[in-house]
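Trainee: Supplied in structure tokens, the structure appears directly below.
There are 2 protein chains.
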Amino acid sequence: MVEGSVSMNHPQVKVDPTFQEVESIVSDACSRGCFTVLVADCRVDYHGRSSSKMGWGERVVLLKPDGSVLIHRRTGFEAANWQPPGCCITFSQREGELVIRADRRKPRETLEVICREVALVSSVLLKDDASLDMLISEQDLYSVLRANPDLIEPGFRISSEQKGLGGGKADLTGLDRSGRYTVVEVKRVAADTDAVKQLYRYISQMRETSPDLRGILLAPNIRPAAKRLAKSLSVDYRTVDVAQCAAVFSKNSSKGLDRLDRHFT
Amino acid sequence: MVEGSVSMNHPQVKVDPTFQEVESIVSDACSRGCFTVLVADCRVDYHGRSSSKMGWGERVVLLKPDGSVLIHRRTGFEAANWQPPGCCITFSQREGELVIRADRRKPRETLEVICREVALVSSVLLKDDASLDMLISEQDLYSVLRANPDLIEPGFRISSEQKGLGGGKADLTGLDRSGRYTVVEVKRVAADTDAVKQLYRYISQMRETSPDLRGILLAPNIRPAAKRLAKSLSVDYRTVDVAQCAAVFSKNSSKGLDRLDRHFT
DNA sequence: CGTGCCAGGTGCCCT
DNA sequence: AGGGCACTTGGCACG
Numbered sequence: 019m020v021e022g023s024v025s026m027n028h029p030q031v032k033v034d035p036t037f038q039e040v041e042s043i044v045s046d047a048c049s050r051g052c053f054t055v056l057v058a059d060c061r062v063d064y065h066g067r068s069s070s071k072m073g074w075g076e077r078v079v080l081l082k083p084d085g086s087v088l089i090h091r092r093t094g095f096e097a098a099n100w101q102p103p104g105c106c107i108t109f110s111q112r113e114g115e116l117v118i119r120a121d122r123r124k125p126r127e128t129l130e131v132i133c134r135e136v137a138l139v140s141s142v143l144l145k146d147d148a149s150l151d152m153l154i155s156e157q158d159l160y161s162v163l164r165a166n167p168d169l170i171e172p173g174f175r176i177s178s179e180q181k182g183l184g185g186g187k188a189d190l191t192g193l194d195r196s197g198r199y200t201v202v203e204v205k206r207v208a209a210d211t212d213a214v215k216q217l218y219r220y221i222s223q224m225r226e227t228s229p230d231l232r233g234i235l236l237a238p239n240i241r242p243a244a245k246r247l248a249k250s251l252s253v254d255y256r257t258v259d260v261a262q263c264a265a266v267f268s269k270n271s272s273k274g275l276d277r278l279d280r281h282f283t
Numbered sequence: 019m020v021e022g023s024v025s026m027n028h029p030q031v032k033v034d035p036t037f038q039e040v041e042s043i044v045s046d047a048c049s050r051g052c053f054t055v056l057v058a059d060c061r062v063d064y065h066g067r068s069s070s071k072m073g074w075g076e077r078v079v080l081l082k083p084d085g086s087v088l089i090h091r092r093t094g095f096e097a098a099n100w101q102p103p104g105c106c107i108t109f110s111q112r113e114g115e116l117v118i119r120a121d122r123r124k125p126r127e128t129l130e131v132i133c134r135e136v137a138l139v140s141s142v143l144l145k146d147d148a149s150l151d152m153l154i155s156e157q158d159l160y161s162v163l164r165a166n167p168d169l170i171e172p173g174f175r176i177s178s179e180q181k182g183l184g185g186g187k188a189d190l191t192g193l194d195r196s197g198r199y200t201v202v203e204v205k206r207v208a209a210d211t212d213a214v215k216q217l218y219r220y221i222s223q224m225r226e227t228s229p230d231l232r233g234i235l236l237a238p239n240i241r242p243a244a245k246r247l248a249k250s251l252s253v254d255y256r257t258v259d260v261a262q263c264a265a266v267f268s269k270n271s272s273k274g275l276d277r278l279d280r281h282f283t
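Chains A and B, in that order, give the protein sequences.
The working numbering applies: residue 19 is where the first sequence begins, and numbers increase by one.
The working numbering applies: residue 19 is where the second sequence begins, and numbers increase by one.
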């Protein structure tokens, strides 16, 4: 692959553009479904579910073709301000300032980026058909557990998955080695007290029809507080080695089974 | 304000850079605390708390001077992949590909952005000292309620705020018009069932010492399910007009009182 | 560090 | 539209 080849769409770039140039580049970008990056000295007003003001400063503004807007500051993972996809973006100039306004309905929210200077505007048509494949989601854990119910407990037999209750659903239900009806709550990350409460709620509901019911909290590890709560509520907990599951899952994946699992459950 | 003036730091920009140029620009940017934007045809591997793979496609990569990395796709509010602040970013080239690697410890997580082509690299030193002032946070509601306890209930007297219990804290406690001890849970947004449960947990705890205790859920509105649960648990609910509070709050703010409130509570 | 809780949480799926 | 819940949730404050 030769660097600087023509295989990628060339971005349109302008350093120190006039507001006119920004408007024309961005309007053009929007109409062509381009992704726009601005570097601007701006202030930001937001009103909606909450309300925020941010004074003058230099930030990176992303305008996506789906109508989402992100204002990123120099540091931090999260955008300082934003507007979700589907909002309506309009430009205007007033008193030597370029105003980028992003409006949303339901809920009614407005975002105004007031720029007094734009250092860079760049727009590019991004070609991206790839899928983002997340592994080791809770779904993936189910796949592995379905194929290896012994990972839950030796001799365990799964009878249902995502069994809907009145509000919420039990991750797994089945019969333990001794044939006792059991509801299993699966957590991909360390189980906290909420996980215990969640499981206990399911148990309480299902005990109305199946009085003799076990509960198992299955997670890579369990927080001390959750462990105590589980003990006090007579909820069993068991650890599951996520790395091991991942390995099993990958092996199945290489045989092309994961897709099937995902599509037919 | 003249557009294109020299008041903002000029961004360093290179279209269709070689990998060498990318490396040199970005290393330089990192050492000078610059914000870097890349437009690249890349694939992304992530391993850590979860695990993901994303095939080839064109994306916008943000490298922040605090060590955070964001990979944004053409659409969507959320970054497809990321690394939070504080991670270690390294570059390498292998087989005609530029690999940007971002490593994090605790938890151990790795992110690899493998680029086969970079369409744009730009780095700029962002000057930004402004604060992001969020209004109508729960804190702000407290401020207003503290000054206008009648908004909770006519004749209400607040006696404590953020009263710490064993695990969790009661937003407000006080005495209602008839002198009955009351705990108030304040929500800035529509109260859901979790809010009711939270309040009920506090009530249950505090009833051990104060058997005759009221609970009030205070929120702009209350979800039907939460309303039902509140009724069944004998928890009172009251609406608070957030817009009205915001107005009161703004008025106080203009008198410079909000800062004091914020600092001395 | 664990625990709890807010956040303009967002997103997904289900009824 | 409401409900329940996962998310690489992130972020903050407090004991």
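Beta carbons: idealized from backbone N, C-alpha and C, even for Gly.
Taking just the CA atoms, how far does Thr-108(A) sit from Ser-141(A)?
Mentor: Those two C-alpha atoms are separated by around 16 Å.
Trainee: List in chain order: all unbroken beta strand (DSSP E) runs of 3+ residues lying wholly within the segment 115–173 of chain B.
Mentor: Runs of the beta strand (DSSP E) inside the segment 115–173 of chain B: 115–122, 127–142, 150–153.
Trainee: Tell me the rounded alpha-carbon separation between Ala-165(B) and Arg-219(B).
Mentor: Distance between the alpha carbons of Ala-165(B) and Arg-219(B): 27 Å.
Trainee: Measure the CB-CB distance between Glu-76(A) and Asp-194(B) and report whether it falls below 8 Å.
Mentor: In this structure, Asp-194(B) does not lie closer than 8 Å to Glu-76(A) by Cβ.
Trainee: In whole angstroms, what separates the C-alpha of Asn-88(A) from that of Arg-246(A)?
Mentor: According to the sequence shown, residue 88(A) is Leu rather than Asn. Between Leu-88(A) and Arg-246(A), the C-alpha separation is close to 42 Å.
Trainee: Taking just the CA atoms, how far does Ser-252(B) sit from Ala-244(B)?
Mentor: Their Cα atoms are separated by approximately 12 Å.
Trainee: If Asp-151(B) sits next to Lys-71(A), beta carbons under 8 Å apart, how far is it from one beta carbon to the other, in whole angstroms?
Mentor: Sure, about 5 Å apart at Cβ, within 8 Å.
Trainee: Does the CB of Thr-93(A) have a neighbour CB from chain B at under 8 Å?
Mentor: Answer yes: the Cβ-Cβ gap between Thr-93(A) and chain B drops below 8 Å somewhere.
Trainee: In angstroms, rounded to a whole number, what distance separates the CA positions of Asp-279(A) and Ser-161(A)?
Mentor: Model confidence at Asp-279(A) stands at a pLDDT of 39, short of 50, so the residue's coordinates are unreliable; what they give is reported in the following sentence. When rounded, the distance between both Cα atoms is 7 Å.
Trainee: Could you tell me which of Ser-228(A), Arg-256(A), Pro-172(A) sits nearest to Lys-205(A), measuring between CA atoms?
Mentor: When each option's Cα is compared against that of Lys-205(A), the closest is Arg-256(A).
Trainee: Taking DSSP's pairing of strands, which residues face Arg-198(B) in a bridge?
Mentor: Per DSSP, none; premise fails for Arg-198(B).
Trainee: Answer yes or no: does any C-beta atom of chain B fall closer than 8 Å to that of Gly-75(A)?
Mentor: It does: the Cβ of Gly-75(A) has a partner Cβ on chain B nearer than 8 Å.
Trainee: Do we get a CB-CB distance below 8 Å when we pair Val-142(B) with the residues of chain A?
Mentor: Yes - at least one Cβ of chain A is within 8 Å of the one on Val-142(B).
Trainee: In the DSSP assignment, the alpha helix (DSSP H) including Val-44(B) goes from what residue to what residue?
Mentor: Unbroken alpha helix (DSSP H) run through Val-44(B): 37–49.
Trainee: Between Val-142(B) and the ligand ZN, is there a pair consisting of the residue's CB and a ligand heavy atom that are separated by less than 7 Å?
Mentor: Of ligands this structure carries none, so the ligand ZN is not represented either.
Trainee: I want to know whether the segment 32–40 of chain A touches the segment 108–122 of chain B - three or more CB-CB distances under 8 Å.
Mentor: Taking 8 Å as the limit for Cβ pairs, the verdict is that the segment 108–122 of chain B does not touch the segment 32–40 of chain A.
Trainee: State yes or no: is the beta carbon of Cys-263(B) nearer than 8 Å to at least one beta carbon in chain A?
Mentor: For Cys-263(B), the answer is no, since every Cβ of chain A falls outside 8 Å of its Cβ.
Trainee: With burial defined as no fewer than 16 other Cβ atoms inside 10 Å of the residue's Cβ, what is the status of Pro-35(A): buried or exposed?
Mentor: Answer is buried; the Cβ neighbour count reaches 16.
Trainee: For Leu-183(A), which option in Glu-226(A), Arg-91(A), Val-131(A), Thr-54(A) has the closest C-alpha, if you only look at C-alpha atoms?
Mentor: Closest option to Leu-183(A), Cα to Cα, is Glu-226(A).
Trainee: With DSSP collapsed to three states, give me the class of Val-57(B).
Mentor: Val-57(B): strand per DSSP, three-state reduction.
Trainee: Return the Cβ separation of Ala-137(B) and Pro-29(A) in integer angstroms, given the expectation that the two are a contact with Cβ distance under 8 Å.
Mentor: About 5 Å separates the two Cβ atoms, so the contact holds.
Trainee: Over what stretch of residues does the alpha helix (DSSP H) that includes Lys-245(A) continue unbroken?
Mentor: Where Lys-245(A) is concerned, the enclosing alpha helix (DSSP H) stretches over 242–250.
Trainee: Identify whether Asp-189(B) lies in helix, strand or coil by the three-state DSSP scheme.
Mentor: Here Asp-189(B) sits in strand by DSSP.
Trainee: Can you tell me whether Ala-208(A) is buried or exposed, with buried defined as 16 or more other CB within 10 angstroms of its CB?
Mentor: Label assigned to Ala-208(A): exposed.
Trainee: Whole angstroms are fine: how far does the CA of Pro-102(A) sit from the CA of Ser-222(B)?
Mentor: In a straight line, the C-alpha of Ser-222(B) is about 40 Å away from that of Pro-102(A).
Trainee: If the cut is a Cβ gap below 9 Å, which residues of chain B does Ser-42(A) touch?
Mentor: Near Ser-42(A) there are no residues of chain B at all, since even the closest Cβ is about 14 Å away, more than 9 Å.
Trainee: What residue range is occupied by the uninterrupted beta strand (DSSP E) comprising Arg-67(B)?
Mentor: Note, Arg-67(B): premise wrong, no beta strand (DSSP E); not H, not E.
Trainee: One question on the structure: do Thr-211(A) and Val-201(A) come within less than 8 Å of each other, judged by their Cβ atoms?
Mentor: Cβ distance not < 8 Å, so Thr-211(A) and Val-201(A) don't count as in contact.
Trainee: Please decide whether Pro-102(B) counts as near chain A, where near means a Cβ-Cβ distance under 8 Å.
Mentor: So yes, Pro-102(B) belongs to the interface.
Trainee: Rounding to the nearest angstrom, what Cα-Cα distance links Arg-126(A) and Pro-238(B) in this structure?
Mentor: If I take the Cα positions, the gap works out to 16 Å.
Trainee: Quick one: give me the first and last residue of the alpha helix (DSSP H) that Val-214(B) is part of.
Mentor: Residues 211–225.
Trainee: What residue from Ser-196(B), Ala-58(B), Lys-82(B), Ser-86(B) has the CA that sits closest to Gly-73(B)'s CA?
Mentor: The candidate whose alpha carbon is nearest that of Gly-73(B) is Ala-58(B).
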